[in-house]
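These notes concern the structure reproduced below.
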Amino acid sequence: MPDLVANNLLGIAEHAALTPMVAYRIDRDGHPYVPIGDGGIVQGVRLGDSVFATDGDHVAPGVTLVHPDAGARFALTAFACIGNEVIVRSGLAAGSIGRVTGKRGESGRVIALLDDDAMAKLLPGDQLSVRAVGQGFVPDGVPQGVAVLNVDPELFALLPFAVTGAGDDDADTGAGAVASDAVSVTVAVAGVLPSKVCGNGIGRPAQMWDVDLAVVADSPDLGGRTMRLGELWAIEHLDVRHNMGYRRDWVTFGIICHGGSPLPGHGPGLVPIVTGPRSAFRLEVQDADAAPALTDAVLAALPSRARS
């Protein structure tokens, strides 16, 4: 495949915001609540935490990046990929390095995670650069019809996707996408959900949006499992190659990037990273105590161009 193009993009640390003169939202049962943690600079939340551990709304670990120009803001959201390197360029935390861990569709927002010391020094308005690369990436050997999006190629290599040939373990064709009947992709996931739980984000472009999963801690669809930030989940009958929507016998895999929400039709956010025909994949559901696919250690293993 052609070489991927990287863009240096500018993100501004967002200030948490509310609708003027309104300090609350209305939950799924008609009760008012204050939406703590929805955007801005959020401290005390890390990858691996339960999405239901905080009494907040769409709580994401790290800082939400925006841009005052609408076109630049949506380009930031569309081009930034999970795993991309982020560098603080102004303020007390200048020089600190982090990684993109997700994105939010509303108004165009990118989620970036830095270490606790840097997070404590950040202020709204600080400038951060994002080395955006990954959209258009096609891993070697994936079956035809399988699409990859929203993920840095160097991170993808560390995620639990294994391309194997028919009757051949760990096949590596080195030839881009190949005939779907020749290979399959084995994926280790935290769990599998039906597309009926997909709420906010359906119908939106997957390169610019996450999809909220309308589940709560005791939802039967979770099967008693605790959903955690950074986990890789599969959604059956969901196609995200273009605008996200239902497609029978399809499956989409994504990283959980933010916590739950009391709003109806909202919940933990999943950023799609792989989608394709169900027949192209073999799913392996991990034990509940297995580490999430995206952890601080995985992000730390990525090469830093800022330090090279």
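Just so it is clear: in the sequence shown, position 13 is 13 by full-length UniProt numbering, and no numbers are missing.
Idealized CB from N, CA, C, for every residue including glycine.
Residue i in three-state terms, based on DSSP
i: Arg89; result: coil
i: Glu106; result: coil
i: Asp239; result: strand
i: Thr226; result: coil
i: Ser279; result: helix
i: Leu299; result: helix
i: residue 319; result: Absent from the model: residue 319. The displayed extent of the chain is 1 to 308, so no value can be given.
i: Val215; result: coil
i: Ser261; result: coil
i: Ser304; result: coil
i: Val187; result: strand
i: Val163; result: strand
i: Val274; result: strand
i: Val197; result: helix
i: Thr252; result: strand
Proximity winner among the options, relative to residue i (alpha-carbon distances)
i: Gly259; options: Leu4, Ile36, Ile26, Ala162; result: Ile36
i: Val185; options: Leu302, Pro61, Ser279; result: Ser279
i: Ala70; options: Arg109, Ile82, Asp55, Gly141; result: Arg109
i: Ala53; options: Thr226, Ser129, Ile273; result: Thr226
i: Leu213; options: Ile235, Pro268, Gly245; result: Pro268
i: Asp117; options: Arg247, Gly62, Gly11, Glu106; result: Gly62
i: Arg46; options: Ile256, Asp218, Gln286, Arg25; result: Ile256
i: Gly125; options: Ala157, Thr64, Gln135; result: Thr64
Spatial neighbours of residue i in its chain, beta-carbon cut-off 6 Å, leaving aside the 5 residues before and after
i: Pro292; result: Gly48, Arg228, Gly230, Glu231
i: Leu299; result: Arg99
Distance between residue j and residue i (C-alpha atoms, nearest Å)
i: Leu123; j: Asp115; result: 14 Å
i: Ala297; j: Met21; result: 42 Å
i: Pro303; j: Trp250; result: 33 Å
i: Asp29; j: Gly245; result: 26 Å
i: Ile82; j: Trp209; result: 12 Å
i: Thr164; j: Ile202; result: 31 Å
i: Ile41; j: Phe281; result: 37 Å
i: Val142; j: Gly265; result: 33 Å
i: Ala175; j: Pro160; result: With a pLDDT of only 46 at Ala175, under the threshold of 50, the placement of this residue in the model should not be trusted; the figure read from the coordinates follows. Cα-Cα distance, rounded: 20 Å.
i: Ala112; j: Val5; result: 21 Å
8 Å CB neighbourhood of residue i in its chain, flanking five on each side removed
i: Ser107; result: Val66, Arg73
7 Å Cβ shell around residue i - same chain, five flanking residues per side excluded
i: Leu18; result: none
i: Arg204; result: Gly105, Asn243, Met244
i: Val271; result: Ile82, Gly102, Lys103, Asn150, Asp210, Gly254, Ile255, Cys257
i: Pro262; result: Asp27, Arg28, Tyr33, Asp57
Original post:
Curious, which full-length beta strand (DSSP E) runs of at least 3 residues does the UniProt domain "DUF4438" (24-156) contain?
Top reply: Secondary structure remark: continuous beta strand (DSSP E) runs of at least 3 residues inside the UniProt domain "DUF4438" (24-156), in chain order: 62-66, 85-88, 97-104, 109-113, 127-132.
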